[in-house]
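Report on the structure given below.
Protein chains: 2
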Amino acid sequence: MLYDKQTIEQMDSRYRAHFINALTGYKSANLIGTVSESGIENLAIFSSVFHLGAHPPLIGMISRPDSVTRDTLANIKQTGSYTINHVGSSFIKAAHQTSARYDEDISEFDMVGLTPDYRNGHIAPHVNESPCSLSMMLREYNPLEINGTVMIIGEIIDVYVEEHAIRHDGSIDVRSLKSVSVTGLDEYHSLSGPIRLSYAKADKTLDVLE
Amino acid sequence: MLYDKQTIEQMDSRYRAHFINALTGYKSANLIGTVSESGIENLAIFSSVFHLGAHPPLIGMISRPDSVTRDTLANIKQTGSYTINHVGSSFIKAAHQTSARYDEDISEFDMVGLTPDYRNGHIAPHVNESPCSLSMMLREYNPLEINGTVMIIGEIIDVYVEEHAIRHDGSIDVRSLKSVSVTGLDEYHSLSGPIRLSYAKADKTLDVLE
Chain A
301 MLYDKQTIEQ MDSRYRAHFI NALTGYKSAN LIGTVSESGI ENLAIFSSVF HLGAHPPLIG
361 MISRPDSVTR DTLANIKQTG SYTINHVGSS FIKAAHQTSA RYDEDISEFD MVGLTPDYRN
421 GHIAPHVNES PCSLSMMLRE YNPLEINGTV MIIGEIIDVY VEEHAIRHDG SIDVRSLKSV
481 SVTGLDEYHS LSGPIRLSYA KADKTLDVLE
Chain B
301 MLYDKQTIEQ MDSRYRAHFI NALTGYKSAN LIGTVSESGI ENLAIFSSVF HLGAHPPLIG
361 MISRPDSVTR DTLANIKQTG SYTINHVGSS FIKAAHQTSA RYDEDISEFD MVGLTPDYRN
421 GHIAPHVNES PCSLSMMLRE YNPLEINGTV MIIGEIIDVY VEEHAIRHDG SIDVRSLKSV
481 SVTGLDEYHS LSGPIRLSYA KADKTLDVLE
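Protein sequence lines, in the order shown, are assigned to chains A and B. Counting with this note's numbering, you get residues 301 to 510 for the letters of the first sequence. Counting with this note's numbering, you get residues 301 to 510 for the letters of the second sequence.
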């Protein structure tokens, strides 16, 4: 079925938001933890966190500049500090609830029932319930002219991850962490049936590992 | 378990690549289809495709400038055209195999056994086997100074998606497309058990939809 440019343009805006947001397939589900200079904590769910590089270890994410994420962006700019926390299957509803519009003097941690945790001198709070949580230092704050979104680039400082999930080659069994994935605006997935494949070479057939 | 900055720096580079690439959780798995001005087709798997906005419909992706993706980048720059194709569970191995280093005069479509398909006047080839395939027009080509990667921003022109997967509200049942997700460098997942949640409001309990 073809949906051409004109058909997409004529979609109702909410319908189009559902449709376009689903086209990139499975996305990571992460909670971004921050705190303002005056000590007000903030927690917001993001589905646009992406790997940027391993050395130095860099992660990017995209944010709209609107009211739901305004506090997150302001706190990151003020403090240069944030955390990235995998959403675990045990707290999907709490994580999704952070996308509601709360006043800026309200902590989403309190509102949704997750626990802020300050670790190793890092300014921003971690989510205690998260199976994989990263201390991030802001490296670049780039408004994108093309549509007014903001690209945040941060460097990974500390990584907290359940030890059982680390394999001998450094890879992480994300499924065993019970992290979830999101598609579209509101659909959360637990995963099953991973297949690991061998390093691809031009003259070699791939093997299934393990 | 804490892995601090120093521990991460001291990791063996391959170990670190596995480790850091897994930290963003579940990623989309997409094949990028391109063709050079001289007509040589190219196909490359990307796990860094991300949603940038719904109106206009924009998608970003990150690429290393190295030899494996060099042809993809050159073709996009030359023609301004590419396709994004969901990796389906029936061709995971073929998709992963495109990450091997083939010579530039070789078509990965031929090498891995996927079928190029030219649609609706779009310059770049689609992957015929893909359950969801997008015609993309290059909007921005941005080398990122921070680590030498390249950010490609494109506008969605045409969308080809299996009709049964489109719900009444515009959302897409990605699971029914049998698209896969990737974690780390080489681990592919089919999904089960999605939970859709209602629009989050500050004063309302979330409902599970459907």
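Beta carbons are placed, not taken as given, at the ideal position from N, Cα and C, and that holds for glycine.
If you drop the 5 nearest sequence neighbours on each side, which residues of the same chain put their C-beta closer than 8 Å to that of residue i?
i, result
"G493 (chain A)", "Bear in mind that a pLDDT of 48 at G493 (chain A), under 50, signals an unreliable position, so the model cannot answer this."
"H512 (chain B)", "Given a span of 301 to 510 for chain B in the structure shown, any question on residue 512 (chain B) remains unanswerable."
Once the 5 residues before and after residue i are set aside, which same chain residues still bring their CB inside 7 Å of it?
i, result
"Y402 (chain A)", "E408 and M411"
"M437 (chain A)", "G380, S381, G454, E455 and I457"
"P356 (chain B)", "E455"
"T398 (chain A)", "L331, L343, A344, I345, E408 and V412"
Taking the CB atoms as reference points, tell me whether residue i and residue j lie closer together than 7 Å.
i, j, result
"S389 (chain A)", "V480 (chain A)", "yes"
"A354 (chain B)", "I320 (chain A)", "yes"
"A322 (chain A)", "I472 (chain B)", "yes"
"E463 (chain B)", "M311 (chain A)", "no"
"D469 (chain A)", "H318 (chain B)", "yes"
"T324 (chain A)", "H351 (chain B)", "yes"
"D405 (chain B)", "I340 (chain B)", "yes"
"A465 (chain A)", "T334 (chain A)", "no"
"Y326 (chain B)", "Y326 (chain A)", "yes"
"A400 (chain A)", "A400 (chain B)", "no"
Taking 6 Å as the limit between beta carbons, can you name the residues of its chain near residue i, skipping five residues before and five after?
i, result
"T415 (chain B)", "N428"
"S336 (chain B)", "N375"
"M361 (chain A)", "F346, S348, V349 and I452"
"A395 (chain A)", "L331, I345 and V387"
"P443 (chain A)", "V450"
"V482 (chain B)", "K327, A329, S347 and Y488"
"R419 (chain A)", "H426"
At the level of alpha carbons, what is the spacing between residue i and residue j?
i, j, result
"R370 (chain B)", "K377 (chain A)", "35 Å"
"S490 (chain B)", "G484 (chain B)", "15 Å"
"H386 (chain B)", "K478 (chain B)", "9 Å"
"E445 (chain B)", "E440 (chain A)", "10 Å"
"K393 (chain A)", "S476 (chain B)", "23 Å"
"C432 (chain B)", "F391 (chain B)", "13 Å"
"K504 (chain A)", "T372 (chain B)", "22 Å"
"D366 (chain A)", "R316 (chain B)", "35 Å"
"D486 (chain A)", "S338 (chain B)", "43 Å"
"R364 (chain B)", "G448 (chain A)", "25 Å"
"S430 (chain B)", "L358 (chain B)", "20 Å"
"Y460 (chain B)", "S313 (chain A)", "20 Å"
"K305 (chain B)", "D304 (chain A)", "47 Å"
"S498 (chain A)", "R467 (chain B)", "37 Å"
"V368 (chain B)", "V474 (chain B)", "28 Å"
query = Which ranges does the beta strand (DSSP E) cover as unbroken runs of at least 3 residues, wholly within the stretch 304-390 of chain B, from first to last along the chain?
reply = Entirely contained in the stretch 304-390 of chain B, the beta strand (DSSP E) runs reaching 3 residues are, in chain order, 330-335, 341-346, 349-354, 357-363 and 381-386.
inquiry  = My parser needs the alpha helix (DSSP H) runs of 4 or more residues fully inside the stretch 396-476 of chain A; what are they?
reply    = Runs of the alpha helix (DSSP H) spanning 4 or more residues and lying entirely within the stretch 396-476 of chain A occur at 408-412, in chain order.
query = Which residues, in chain order, does the stretch 374-392 of chain A contribute to contact with chain B at a C-beta distance below 7 Å?
reply = H386 and I392
ask   = Given a limit of 8 Å on CB to CB distance, which residues of the stretch 314-338 of chain B reach chain A?
value = R314, Y315, R316, A317, H318, F319, I320, N321, A322, L323, T324, G325, Y326, K327, S328, A329 and N330
request  = May I ask you to list, following chain order, the residues of the stretch 448-459 of chain A that have a beta carbon less than 9 Å from some beta carbon of chain B?
outcome  = G448, T449, M451, I453, E455, I456, I457, D458 and V459
inquiry  = Which residues of the stretch 340-352 of chain B have a Cβ closer than 8 Å to any Cβ of chain A? Give them in chain order.
reply    = Of all residues in the stretch 340-352 of chain B, S347, S348, V349, F350, H351 and L352 have a Cβ within less than 8 Å of some Cβ in chain A.
query = Along the stretch 393-414 of chain B, what residues have a CB closer than 7 Å to any CB found in chain A?
reply = Those would be K393, H396, Q397, S399, A400, R401 and Y402, in chain order.
task = Give, in chain order, every residue of the stretch 475-488 of chain B whose Cβ lies closer than 9 Å to some Cβ of chain A.
result = Among the residues of the stretch 475-488 of chain B, those with a Cβ less than 9 Å away from any Cβ of chain A are R475, L477, S479, V480, S481, V482, T483, G484, L485, D486, E487 and Y488, in the order of the chain.
query = Of all the residues that make up the stretch 429-440 of chain B, which are near chain A by a beta-carbon distance shorter than 8 Å?
reply = C432, L434, R439 and E440
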